[in-house]
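**Q** Please read through the structure below; I'll follow up with questions.
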Amino acid sequence: MHHAALHPTRPLMAALASLMVACGGGGATASPSPTPAPAPAPSPGPAPSNRWTLVWSDEFEGAAGTRPDAKHWNYDLGNKEANGWGNHELQYYTQAARNAALDGQGNLLLRAEKQANAGPCWNDKPCEYSSGRLRSDGKVSFSYGKLEARIKIPGGPGIWPAFWTLGEDKLPWPAAGEIDVLENIGKEPFHAYGTVHGPGYSGAQGIGKRFVNAKPLSEDFHVFTLIKRPQELIWLVDGVEFHRLTPAGLPAGAPWVFERAFFVILNLAVGGDWPGNPDASTPFPAEMRVDWVRIYKED
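In terms of the numbering used here, the sequence shown is residues 1155 to 1453.
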């Protein structure tokens, strides 16, 4: 979806090498997301009878209006400063509680709302929307294991919620890799996309597939999962696999750049090249509720 300046990592716990801590902050810029090809009929989840051990989580427990835990999350801010996040997006990201805070019911609430002159947009006009974008670089990342989140996304034309990861290395995008666990654009209410971006397969050439749900995804919470193993990535929604990728699935000669630690990003964008702009039918405020984010190691 978007990309960021990255920083080196060090182990969080020697016994849990799959969970890493980085040492630094970082700004962010972005790239357009593709419209991946439809996935084949969903198949059952990964066959091995794995046992998973939880190594990190944020359960978002706390009073309404509490800010996200600073031990876990940084904020991305702005719009014009990031050139519209590379996608001509219309939201101005803030660190205000109105855009990113706990809801008091065990969820993180990312809230996009109409806000006159929220800040300068890429087109030199005032942004008309504010929203929230959190990232865990410098604080939490993982090399292998299972990353998942239980999320209730908003709907409506021009709305673009995402749960995704970037490689923890200080390299120009997309050299360190990007793995999108969930992207949805509001004009496609039944579809969740899982995509990778890397050198030679980024932006509109990203390699992805589409999960098709029986009902609009915005009607309920769903669990979005990425399993990251050496030489293999697997995407699932509610335990149903819809995309699996190995180096053999890359374009000829393109490098596989996913054998490194990745950090987590949660954001709610408005408008942009892929989703298009909101219209009169788009409900605001748009609310993305995240029940939890968890990282497991595979035993």
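Don't be surprised by glycine CBs; every beta carbon is placed ideally from N, CA and C.
#1: Just tell me which of I1449, D1433, D1257 has its CA closest to the CA of E1282.
#2: Can you say whether K1293 is buried or exposed, counting buried as having 16 or more other CB atoms within 10 angstroms of its CB?
#3: Alpha carbon to alpha carbon, how far is D1374 from V1411?
#4: Taking DSSP as the reference, what is the three-state secondary structure of N1237?
#5: In whole angstroms, give me the CA-to-CA distance for P1437 and R1364.
#6: Which of helix, strand or coil does DSSP assign to L1371?
#7: Which two residues bound the contiguous beta strand (DSSP E) that contains F1396?
#8: What are the boundary residues of the beta strand (DSSP E) that includes W1410?
#9: Here's a check: name, in chain order, each residue in its chain whose Cβ is nearer than 8 Å to the Cβ of R1268, leaving out the five neighbours to either side.
#10: Please tell me whether E1215 and G1260 are closer than 7 Å, where the distance is taken between their beta carbons.
#11: Can you pull the DSSP bridge partners for G1348?
#12: To which residues does DSSP link A1423 through a beta bridge?
#13: Go to V1294, then tell me how far its beta strand (DSSP E) extends in each direction, as first and last residue.
#14: If K1451 sits next to G1299, beta carbons under 8 Å apart, how far is it from one beta carbon to the other, in whole angstroms?
#15: By how many angstroms is the C-alpha of L1301 removed from the C-alpha of T1207?
#16: If we define contact as Cβ-Cβ less than 7 Å, is Y1298 a contact residue for chain B?
#17: On a Cα-Cα basis, can you pick out the residue from T1349, K1279, D1427, L1420 that is closest to R1448?
#18: Run through the DSSP bridge pairs and tell me what K1451 is partnered with.
#19: Rounded to the nearest angstrom, how far is the Cβ of G1240 from that of G1425, given a contact under 8 Å?
#20: Check the DSSP bridge columns for V1377 and list the partner residues they point to.
#21: In the DSSP output, which residue or residues are listed as bridge partners for S1284?
#22: Under the three-state reduction of DSSP, which class applies to G1357: helix, strand or coil?
#23: Straight-line CA distance for L1262 to T1400?
#24: With three or more beta-carbon pairs closer than 8 Å as the criterion, would you say the segment 1338-1350 touches the segment 1368-1385?
#25: Starting from I1339 and walking both ways along the beta strand (DSSP E), at which residues does that stretch end?
#26: Determine the direct distance from the alpha carbon of V1418 to that of W1318, and round the result to whole angstroms.
#27: Measure the CB-CB distance between R1304 and W1446 and report whether it falls below 7 Å.
#28: Rounding to the nearest angstrom, what Cα-Cα distance links E1441 and D1257 in this structure?
#29: Thinking C-beta only, is F1378 closer than 7 Å to V1391?
#30: Between the beta-carbon of N1277 and the beta-carbon of I1307, is there less than 7 Å?
**A** Well, looking at it:
#1: D1433
#2: buried
#3: Their Cα atoms are separated by approximately 34 Å.
#4: helix
#5: Taken atom to atom, the span from the alpha-carbon of P1437 to that of R1364 is near 24 Å.
#6: Correct three-state label for L1371: helix.
#7: 1394-1399
#8: Premise fails: W1410 is in no beta strand (DSSP E) and is neither H nor E.
#9: According to the sequence shown, residue 1268 is Lys rather than Arg. Closer than 8 Å at Cβ, skipping near neighbours: E1282, Y1283, F1438, P1439.
#10: In this structure, G1260 lies closer than 7 Å to E1215 by Cβ.
#11: DSSP output for G1348 lists K1363 as bridge partner(s).
#12: W1314
#13: Element bounds for V1294: n/a, residue is neither H nor E.
#14: That pair is a contact at about 5 Å.
#15: 12 Å
#16: Going by chain labels, chain B is absent from the structure shown, which holds only one protein chain.
#17: L1420
#18: K1451 is bridged to T1207.
#19: In fact, because the Cβ distance is near 13 Å, the residues do not count as touching under 8 Å.
#20: R1304
#21: Y1246, E1267
#22: helix
#23: 33 Å
#24: yes
#25: Run containing I1339: none; DSSP gives neither H nor E here.
#26: 6 Å
#27: yes
#28: 11 Å
#29: yes
#30: no
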